[in-house]
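Structure, as structure tokens:
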Amino acid sequence: MGNKRKMIHIQILCQKIEQDVLDSILGLHAFSGCDVNSAFVQKGKSKPLNILKKNPEFAPVLKELGSSVTVSDELLSKLEKFVCQLYGKPSYSSPNKLRHDLVRQKYIVKGQNVLSSIRGFDISLLPPCRAALKFHCLRANYQTLIWKQADIAQPDIPDPEDRGWKTEGNGVLSIHWCTDLVPQELADILSESHTTRQQESDYDDDIESDVDSDAESQNFSDSETSEEEEESG
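Under full-length UniProt numbering, the first residue of the sequence shown carries the number 1, and numbering increases by one thereafter.
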């Protein structure tokens, strides 16, 4: 096969891997990144696999992916714990809390302006927020569900809508990355408030412009009057 290729005996390889790891390998592959689901930046495949081997409590968690069309809140919480472990913080269980603390630890320098100290840092190196991770889990579950039916002639494949994907107005299926940052009601209030402040600012600018114009006109009129008086004198 040449110097760059080699044959791998898959049966021998499987015999060397623990059964609980084999049972959860499909879920691990879909969750850590595959053709239809994004990967965690700079985490690769080896690190998630090593975490699984060293922490057998995650085996039933990843095995559960693809066992049902839906993803329970309990499963989501356990997957969040796995992600915290993936980013080197096994004591954490909330990705949002971990994101917050990582920013403070790595990018905010005491005594410096917050905005200036974090400018330019790579946000992709942080763990995903809980909202984005939820959709990631839904996509991993959906793909694993399909893989687990690979030996069925006519598998029951559910609609991907609302399972990590959404349909755009033109009918194209796109990835649902995250929910809205703020509730729509609050966004409308903020937008209305911004519009009101902008209108008030424009009104103040118009008044200042009118005052300046009146002052210039008055100065010009006074100048003409002064010139006429000098000529008549």
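Cβ atoms here follow ideal geometry from the backbone N, Cα and C, with glycine treated the same way.
Residue i versus residue j: straight-line alpha-carbon distance, rounded
| i | j | result |
| --- | --- | --- |
| Q85 | S91 | 8 Å |
| V69 | S38 | 20 Å |
| Q19 | L79 | 20 Å |
| R99 | L125 | 10 Å |
| G88 | T195 | 44 Å |
| L26 | K63 | 8 Å |
| R139 | S93 | 21 Å |
| S46 | L102 | 23 Å |
| C34 | S67 | 18 Å |
| F135 | I189 | 27 Å |
| C14 | A153 | 25 Å |
| A132 | T167 | 17 Å |
| Q42 | V36 | 18 Å |
| I97 | L22 | At residue 97 the sequence reads Lys, which differs from the Ile that was named. Their backbone Cα atoms lie some 32 Å apart in a straight line. |
| T179 | M7 | 45 Å |
| K16 | G169 | 49 Å |
| E192 | Q184 | 12 Å |
| I157 | N50 | 31 Å |
| R130 | E161 | 20 Å |
| V61 | L75 | 7 Å |
| H176 | N141 | 14 Å |
Identity of the residues DSSP links to residue i by a beta bridge
| i | result |
| --- | --- |
| I8 | Per DSSP, none; premise fails for I8. |
| I175 | W165 |
| residue 285 | With the chain represented from 1 up to 233, any question about residue 285 goes unanswered, as that position is not in the structure. |
Buried versus exposed, by CB contacts within 10 Å (16 or more), residue i
| i | result |
| --- | --- |
| H83 | Inspection of the sequence shows that residue 83 is occupied by Val rather than by His. Label assigned to V83: buried. |
| Q105 | exposed |
| K54 | exposed |
| S32 | buried |
| G44 | exposed |
| L145 | buried |
| C137 | buried |
| F121 | exposed |
| Q143 | buried |
| V172 | exposed |
| R163 | buried |
| K81 | buried |
| P127 | buried |
| P155 | exposed |
| N3 | exposed |
| P56 | exposed |
Assigned secondary structure, residue i (DSSP; H/G/I helix, E/B strand, else coil)
| i | result |
| --- | --- |
| K43 | coil |
| C129 | coil |
| N37 | strand |
| F82 | helix |
| L98 | helix |
| Q184 | helix |
| S74 | A small correction: the amino acid at residue 74 is Glu; Ser does not occupy that position in the sequence shown. Looking at E74 - three-state DSSP - the assignment turns out to be helix. |
| G27 | helix |
| P48 | helix |
| S68 | coil |
| A153 | coil |
| N3 | coil |
| F121 | coil |
| S93 | coil |
| E18 | coil |
Interface flag, residue i vs chain D, CB-CB below 8 Å
| i | result |
| --- | --- |
| W147 | Going by chain labels, chain D is absent from the structure shown, which holds only one protein chain. |
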